[in-house]
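Colleague: The C-terminal position of the sequence shown is numbered 295 in the numbering used here, with every residue numbered one higher than the one before it. Every residue, glycine too, gets a C-beta built ideally from N, C-alpha and C. Small disclaimer: the values here were computed from a predicted structure and weren't measured.
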Amino acid sequence: MNGDFVLRLAQLALDLDRRNSDGAPLYGPALSLVGQVCFSRGELKTARAHFEQAVQMTTETNCAADELAIRKYNLARVMLAEDQIKNGRLLQEEALHEALEAWGAHSPALLPFLHGLGKVYDEQGLTDDALRLVRQAYLLEQKLYGTNDVRAATSLNNLGWLESKNGSYERASSLFRRCIELRTKAYGPDHIELNIPMANLAHTLSHSAQYEEAIPVAEESVRQALMRYGQASSELAGRIGILATILQKSEKIEKAEEQFRAAVQAASKYTIQSGRQGSLALATSLSNLG
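#1: According to DSSP, simplified to helix, strand and coil, what is glycine 28?
#2: Cutting at 7 Å between CB atoms, please list the residues of its own chain near glutamate 106, excluding the five before and the five after it.
#3: Report the option in Glu186, Phe44, Thr64 and Leu115 whose CA atom is closest to the CA atom of asparagine 79.
#4: Have a look at Ala100, Gly130, Gln129 and Asp133 and flag the residue whose alpha-carbon is nearest the alpha-carbon of proline 117.
#5: Could you tell me which whole alpha helix (DSSP H) segments of length 4 or greater appear in the stretch 86–123?
#6: Based on Cα-Cα distance, which residue from Ser169, Gly235 and Ile201 lies nearest to serine 226?
#7: I'd like to know if the stretch 204–217 and the stretch 169–179 are in contact, where contact means that at least 3 CB-CB pairs between them fall below 8 Å.
#8: Quick test of your reading: tyrosine 143 and leucine 164, contact by CB under 8 Å. State the CB separation rounded to the nearest angstrom.
#9: Comparing C-alpha positions only, which one of Leu85, Lys50, Trp166 and Gln253 sits nearest to alanine 217?
#10: Helix, strand or coil: which one does DSSP assign to aspartate 154?
#11: Using three-state DSSP, classify serine 211 as helix, strand or coil.
#12: When the Cα of threonine 132 is compared with those of Ser169, Ala219, Lys190 and Tyr150, which residue comes out closest?
#13: Do arginine 188 and glutamate 198 have their C-beta atoms within less than 8 Å of each other?
#14: By the three-class DSSP mapping on this structure, what secondary structure does leucine 38 have?
#15: Distance check for glutamate 65 and histidine 102, CA to CA, integer angstroms please.
#16: DSSP three-state call for lysine 2: helix, strand or coil?
#17: Spatial neighbours of glycine 28 within its chain, please: C-beta separation below 8 Å, excluding the five flanking residues on both sides.
#18: According to the neighbour-count rule (16 or more other Cβ atoms, all chains shown, within 10 Å of its Cβ), is lysine 77 buried or exposed?
#19: How is the alpha helix (DSSP H) around histidine 55 delimited, first residue to last?
#20: How far does the alpha helix (DSSP H) with alanine 191 in it extend, from its first residue to its last?
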């Protein structure tokens with residue numbers, strides 16, 4: 006649906022609530038809806054203003070705790086996007102606390118809060134805290150869905166990423182393989198959902214000097230990225246960069262140089278088409294939480 010049309014609808018709903026509800030609880034959802042649309046459009050200042058109003062209204066009218074949790078979470082996302090790192094993290098922690106109070110520890114509604122705050126912790130270098138929350142999410146998913154459900158695959162990938170950052174490469178590789186296995190069974194061998202855990206697995210194998218095993222995995226991640234994103238994409242540049250780095254570590258210097266050139270070429274095409282800044286760092290960037 007067209008973004009401008011969605012925004013007009015959201016603003017209409019907000020205007021109707023202002024005139025008809027006189028501050029009744031309906032006003033909060035309308036504020037949140039406008040905030041969400043503005044956030045998706047990158048209009049951070051406007052989004053933050055609407056989410057702040059929604060949080061204030063929810064607090065003043067004693068709305069349900071789950072509504073307060075959701076609105077604080079949305080506001081925290083905007084603050085983090087604006088680089089208000091510490092305050093955004095603290096508000097996400099408050100939102101998780103509110104969610105636990107509202108739903109208890111075994112509700113599937115907790116999962117976005119756990120994953121969201123886990124990602125924030127990871128980005129801020131708090132790896133142990135991130136591991137704690139992602140493990141909690143994974144255990145909850147197993148309890149809710151069983152051990153063979155693809156809905157736990159994201160947690161497996163995220164746990165693998167964090168274990169790899171901690172230097173637990175064997176454990177990380179096992180987690181990435183399990184993620185790939187679940188997604189292959191659910192989506193087939195060529196689905197793009199396999200791409201990030203494939204790249205992460207290749208990267209992790211290279212850290213433990215398992216180059217001969219890492220190379221075909223990295224090559225497969227390049228093939229998938231090319232199929233899904235095309236030749237002018239940051240994703241393709243990143244996957245080729247991983248392959249080039251592994252080839253370099255395994256002393257396949259000529260092949261590594263060829264792949265580094267291909268990575269720079271993909272990054273350059275992406276820069277030209279997108280109008281964004283590109284660099285060698287883009288070509289060698291690695292996958293983060295999926």
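Modeller: Answer, in terms of the structure:
#1: Walking along the sequence shown from the start, residue 28 turns up at place 23. With a pLDDT of only 46 at glycine 28, under the threshold of 50, the placement of this residue in the model should not be trusted; the figure read from the coordinates follows. Looking at glycine 28 - three-state DSSP - the assignment turns out to be coil, as it is neither helix nor strand.
#2: Taking the first residue of the sequence shown as position 1, residue 106 is located at position 101. Cβ within range, chain order: Ala70.
#3: Position 74 of the sequence shown, counted from the first residue, corresponds to residue 79. Asparagine 79 has its Cα closest to that of Phe44, out of Glu186, Phe44, Thr64 and Leu115.
#4: To locate residue 117, count along the sequence shown from 1; it is residue 112. Ranking the options by Cα distance to proline 117, first place goes to Ala100.
#5: Secondary structure within the stretch 86–123: the alpha helix (DSSP H) runs of 4 or more consecutive residues, fully enclosed, are 90–108 (chain order).
#6: As a first step, residue 226 must be located in the sequence shown, where it is residue number 221. Here the closest residue by C-alpha is Ile201.
#7: Short answer: they touch.
#8: Position 138 of the sequence shown, counted from the first residue, corresponds to residue 143. Position 159 of the sequence shown, counted from the first residue, corresponds to residue 164. Between tyrosine 143 and leucine 164 a beta carbon distance of about 6 Å is seen, short of the 8 Å cut, so the two are scored as contacting.
#9: Within the sequence shown, the letter at position 212 stands for residue 217. Looking at the sequence shown, residue 217 is not alanine but glutamate. Comparing Cα positions, the closest option is Gln253.
#10: In the sequence shown, residue 154 corresponds to position 149, counting from 1. DSSP places aspartate 154 in coil when its eight states are reduced to three.
#11: Counting from 1 along the sequence shown, the entry for residue 211 is found at position 206. The DSSP-derived three-state label of serine 211 is helix.
#12: Looking up residue 132 in the sequence shown gives position 127. Minimum Cα distance to threonine 132 is reached at Ser169.
#13: Stepping through the sequence shown from its first residue, residue 188 is reached at position 183. Stepping through the sequence shown from its first residue, residue 198 is reached at position 193. In this structure, glutamate 198 lies closer than 8 Å to arginine 188 by Cβ.
#14: On the sequence shown, position 33 is the one that residue 38 refers to. It is helical.
#15: Position 97 of the sequence shown, counted from the first residue, corresponds to residue 102. Position 60 of the sequence shown, counted from the first residue, corresponds to residue 65. CA-to-CA, the gap between histidine 102 and glutamate 65 works out to about 19 Å.
#16: Any answer about residue 2 is impossible in this case: the structure gives the chain only from 6 up to 295.
#17: One-based indexing of the sequence shown puts residue 28 at position 23. Here glycine 28 scores only 46 on pLDDT, less than 50, and its place in the model should not be relied on; the value that follows carries that caveat. For glycine 28, same chain residues with a beta-carbon under 8 Å away, outside a window of 5 residues either side, are Met62 and Thr66 in chain order.
#18: Position 72 of the sequence shown, counted from the first residue, corresponds to residue 77. So lysine 77 counts as buried.
#19: Taking the first residue of the sequence shown as position 1, residue 55 is located at position 50. For histidine 55, the uninterrupted alpha helix (DSSP H) run begins and ends at 49–65, by DSSP.
#20: If you number the sequence shown from 1, residue 191 lands on position 186. Counting along the chain, the alpha helix (DSSP H) containing alanine 191 begins and ends at 174–192.
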